[in-house]
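Step one of this worksheet: look at the structure below.
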């Protein structure tokens, strides 16, 4: 079995409590105690905002209850965890690691349901369609593979990138997929036809992350070039350009106007979809913030860093 479930009862004393803020930022809520020393690479929040999944270079995965503030279960993986995504119904969790497979795990038990692959390279980003019928897998290959989570079978390929695909995301209506690439480009496809609609050279360096606005009309992209850009989906035109620290990762609240980003220098950015209001910048980790997530209502932002820490912050 890929994942070896550990006894939570033996770990409750070490893992369930949080470290409360001792001064510092008024937005700090808590730190999830894991004992991890290696970088946290992936975070995911369930659709209802109750559960947090986290993993990283230490080959461990934790499922944490954000409401009850306790650890649900812990498991070990065959390789470093690189990507995570909850299914829309919250019953399963997709896990990408440094291998050529993605595992679909039952949230309740941690049991592996099925394995998707093999892939052409290890996955860097995972995204479920809003109806849960597709799982998009992006990574070292120059393409995005669409899987049927119910059967584990590949349902299509999205091509166009000429290098690694760093991040993939669906629009809220499920009609579009956007991806951020190492080739400096943001690309947009139609989900039904699999047709490439737009290829946007919006940045001078690698594009690390991209998110849709809630209405699906805009994309926000982040890059090593120290700029955030807002791109019109219908035309591919970059209409807003905001200078920022170099951003590694982005996430967007599902029901409110909040986008969050993590930077190379340990900062957390809070901004609006239209990027009209000044971006708020918080120092949250020592070293890079490799992963961010946010609850649907935007009240809690989660960050994972190179320092091995997982921290909770007030988003709104």
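In the working numbering, the protein residues as written are 13 to 328.
Note that the Cβ used here is the ideal one computed from N, Cα and C, for glycine as well.
Since the model is a prediction, treat every value here as computed from it, not as a measurement.
Check                                                                                                                                                                         : Outcome
Quick one: which unbroken beta strand (DSSP E) runs of 3-plus residues sit fully inside the stretch 213 to 296? Chain order, please.                                          : 219 to 224, 230 to 235, 239 to 244, 250 to 255, 259 to 264, 271 to 275, 279 to 283 and 292 to 295
On a Cα-Cα basis, can you pick out the residue from 70, 157, 173 and 63 that is closest to residue 167?                                                                       : 157
Could you compute how far the alpha carbon of residue 33 sits from the alpha carbon of residue 203?                                                                           : Because the pLDDT of residue 33 is 40, which lies under 50, any placement of that residue in the model is unreliable, and the number read from its coordinates should be weighed accordingly. Near 44 Å, if we compare the C-alpha coordinates of residue 203 and residue 33.
For residue 323, count neighbouring C-beta atoms within 10 Å of its own C-beta (all shown protein chains included) and say buried if the count is 16 or more, exposed if not. : buried
Please state if the CB of residue 262 and the CB of residue 219 are separated by a distance shorter than 8 Å.                                                                 : no
How would you write the range of the beta strand (DSSP E) that residue 59 sits in, first residue to last?                                                                     : Note, residue 59: premise wrong, no beta strand (DSSP E); not H, not E.
Please determine if the stretch 125 to 133 and the stretch 86 to 100 are in contact, where contact requires at least 3 C-beta pairs separated by less than 8 Å.               : no
What number of angstroms, rounded off, separates the C-alpha of residue 317 from the C-alpha of residue 300?                                                                  : 6 Å
Could you compute how far the alpha carbon of residue 98 sits from the alpha carbon of residue 138?                                                                           : 9 Å
Mind reading off the beta-carbon distance from residue 233 to residue 226? Whole number of angstroms is fine, and I expect it under 8 Å.                                      : The pair is not a contact, with the Cβ atoms about 16 Å apart (cut-off 8 Å).
Hey, quick one: how far does the beta strand (DSSP E) through residue 192 stretch, first residue to last?                                                                     : 188 to 193
Is DSSP giving residue 152 helix, strand or coil here?                                                                                                                        : coil
Helix, strand or coil: how does DSSP classify residue 324 here?                                                                                                               : strand
How do the stretch 36 to 43 and the stretch 52 to 72 stand: do at least 3 beta-carbon pairs fall below 8 Å, yes or no?                                                        : no
With 16 other CB atoms within 10 Å as the buried threshold, where does residue 47 fall?                                                                                       : exposed
Return yes when the Cβ of residue 272 is within less than 8 Å of the Cβ of residue 281, no when it is not.                                                                    : yes
Compute the Euclidean distance between the alpha carbons of residue 88 and residue 111, then round it to the nearest angstrom.                                                : 15 Å
If you follow the beta strand (DSSP E) that residue 96 is in, where does it begin and where does it stop?                                                                     : 93 to 98
Taking the straight line between their C-alpha atoms, what separation do you get for residue 236 and residue 201?                                                             : 23 Å
Between which two residues does the beta strand (DSSP E) carrying residue 167 extend?                                                                                         : 166 to 171
In angstroms, rounded to a whole number, what distance separates the CA positions of residue 293 and residue 248?                                                             : 28 Å
Use the C-beta contact count for residue 80: other C-beta atoms within 10 angstroms, 16 or more gives buried, fewer gives exposed.                                            : exposed
Any idea if residue 253 is buried or exposed, counting beta-carbon neighbours within 10 angstroms, 16 or more meaning buried?                                                 : exposed
Should residue 102 and residue 78 be called a contact, given that it needs their Cβ atoms to be closer than 8 Å?                                                              : no
State the DSSP-derived secondary structure class of residue 319, mapped to helix, strand or coil.                                                                             : coil
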